[in-house]
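Here is the structure we will look at, set down as structure tokens.
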Amino acid sequence: MTLTATSFDWVRALVHKESAIVLQPGKEYLVEARLLPMARERGLPDVSHFVETVRHRPDPDSTRRIVEALTTNETSWFRDGDPFTALTSTVMPALLAARGPNERLQIWSAACSSGQEPYTIAMLLQDSLPNATSRVSITATDLSREMVARTRAGRFSQLEINRGLPAPMLVRHFTRAGNEWEVAAPLRRMVTASECNLAAPLPRMGPFDVVYLRNVLIYFDLPTKQTILRRVRELMRPDSWLFLGAAETTLGVDDSWERVVVGRSSAYRPLKGK
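In full-length UniProt numbering, the protein residues as written are 1 to 274.
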């Protein structure tokens, strides 16, 4: 039995209600693939039986797992490397010049997935900034409870390590932990991970000097993008920096940002008076 239209529509509505992510028609294959392990856990013959069971007898754990399963957790070390080069070459020097010597800098890695982005930032800063562990704090958030737990643990498989992590950084910042690699304790102390639904009112955080909100907005409709950008801006300092994904922009979405070219990358800064 393939996924019925009724089951797919219910999943689409649930995911949009809980996360604002839009599942377009044609994504039935994705729902089938992501939810099949849950159907098998319950001994059900297919995904439609699983969805209908939850639809008629909903429980918070099952609905949460469905939503989390249909969020995208694609990530790697130094993904689209230019925004990280810009951090050390331009952004951090500008912020350090503008801040007092004892002022702590705050960075937010939103939709952090399993933690490669915030730990990439932590490694770069420890290698380039004296006293980085005491000068910078990194907030890592994700909708998925599982991804937040993985980020806190700071453990990665060899396959994950192979996706973009330079060998010298592996040697400097990781130790073997059985079949996995564990981020060094000083870097783990720089990173605080917590659950956060970007489509809901944001928790009290910040104010942030740098925000990485990359490859996230593409999953939302225009009103949700506008709301997210407004809420994120409210958590940022006036001279802060926002990095979006290569296919994302504030242009035509929210006119309260200025686009700035930074090396081979671009960033966005809050416009004064907006």
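Virtual Cβ for every residue (Gly too), placed ideally from N, Cα, C.
Cβ neighbour criterion (16 or more within 10 Å) applied to residue i
{"i": "D9", "result": "exposed"}
{"i": "L105", "result": "buried"}
{"i": "A247", "result": "exposed"}
{"i": "I121", "result": "buried"}
{"i": "Q116", "result": "buried"}
{"i": "D59", "result": "exposed"}
{"i": "R189", "result": "exposed"}
{"i": "P270", "result": "buried"}
{"i": "L222", "result": "exposed"}
{"i": "R150", "result": "buried"}
{"i": "E160", "result": "buried"}
{"i": "R79", "result": "buried"}
{"i": "V261", "result": "exposed"}
{"i": "A110", "result": "buried"}
{"i": "A167", "result": "exposed"}
{"i": "K272", "result": "exposed"}
DSSP three-state assignment for residue i, whether helix, strand or coil
{"i": "R155", "result": "strand"}
{"i": "A140", "result": "strand"}
{"i": "S240", "result": "strand"}
{"i": "S134", "result": "helix"}
{"i": "W10", "result": "helix"}
{"i": "V22", "result": "coil"}
{"i": "V51", "result": "helix"}
{"i": "R231", "result": "helix"}
{"i": "V148", "result": "helix"}
{"i": "A33", "result": "helix"}
{"i": "A86", "result": "helix"}
{"i": "V261", "result": "strand"}
{"i": "P270", "result": "strand"}
{"i": "A69", "result": "helix"}
{"i": "V216", "result": "coil"}
{"i": "E41", "result": "helix"}
{"i": "D61", "result": "helix"}
{"i": "L222", "result": "helix"}
{"i": "K27", "result": "coil"}
{"i": "V15", "result": "helix"}
{"i": "A5", "result": "helix"}
Nonlocal neighbours in the same chain, by C-beta distance under 6 Å from residue i, ignoring five residues either side
{"i": "P83", "result": "F243, S265"}
{"i": "N215", "result": "G245"}
{"i": "W108", "result": "T139, F208, V211"}
{"i": "Y268", "result": "L242, T250, W257, R259"}
Sequence-distant residues of the same chain with beta carbon closer than 8 Å to residue i, five excluded per side
{"i": "L187", "result": "Y119, A122, M123, Q126, T133, G154, H173"}
{"i": "T85", "result": "G263, R264, S265"}
{"i": "V11", "result": "L23, V31, L35, V51, I66, L70"}
{"i": "T63", "result": "L14, E18, V54"}
{"i": "P201", "result": "R231"}
Sequence-distant residues of the same chain with beta carbon closer than 7 Å to residue i, five excluded per side
{"i": "R163", "result": "S76, W77"}
{"i": "S19", "result": "V67, T71, L143, N197, A199"}
{"i": "L229", "result": "T250, V253, D254"}
{"i": "S89", "result": "G263"}
{"i": "A98", "result": "D239"}
Supposed contact pair residue j and residue i - C-beta distance, whole angstroms, cut 8 Å
{"i": "V47", "j": "L87", "result": "The Cβ separation is near 41 Å, so there is no contact."}
{"i": "M147", "j": "S194", "result": "Not confirmed; about 11 Å, so no contact."}
{"i": "residue 275", "j": "F208", "result": "Lying outside 1 to 274, the shown extent of the chain, residue 275 is not represented and no answer is given."}
{"i": "V232", "j": "V211", "result": "6 Å"}
{"i": "S157", "j": "E182", "result": "S157 to E182, Cβ: 11 Å. No contact."}
{"i": "A33", "j": "H49", "result": "Contact doesn't hold; Cβ gap of about 16 Å is too wide."}
Where are the alpha helix (DSSP H) runs, 4 residues long or more, that stay fully inside the region 90-133, in chain order?
Taken in chain order, the unbroken stretches of alpha helix (DSSP H) that lie wholly in the region 90-133 and span 4 residues or more are 92-98, 116-128.
Restricting to runs no shorter than 4 residues, where is the alpha helix (DSSP H) found entirely within the region 154-213?
Fully enclosed alpha helix (DSSP H) runs of 4 or longer: 158-161, 167-173, 185-190.
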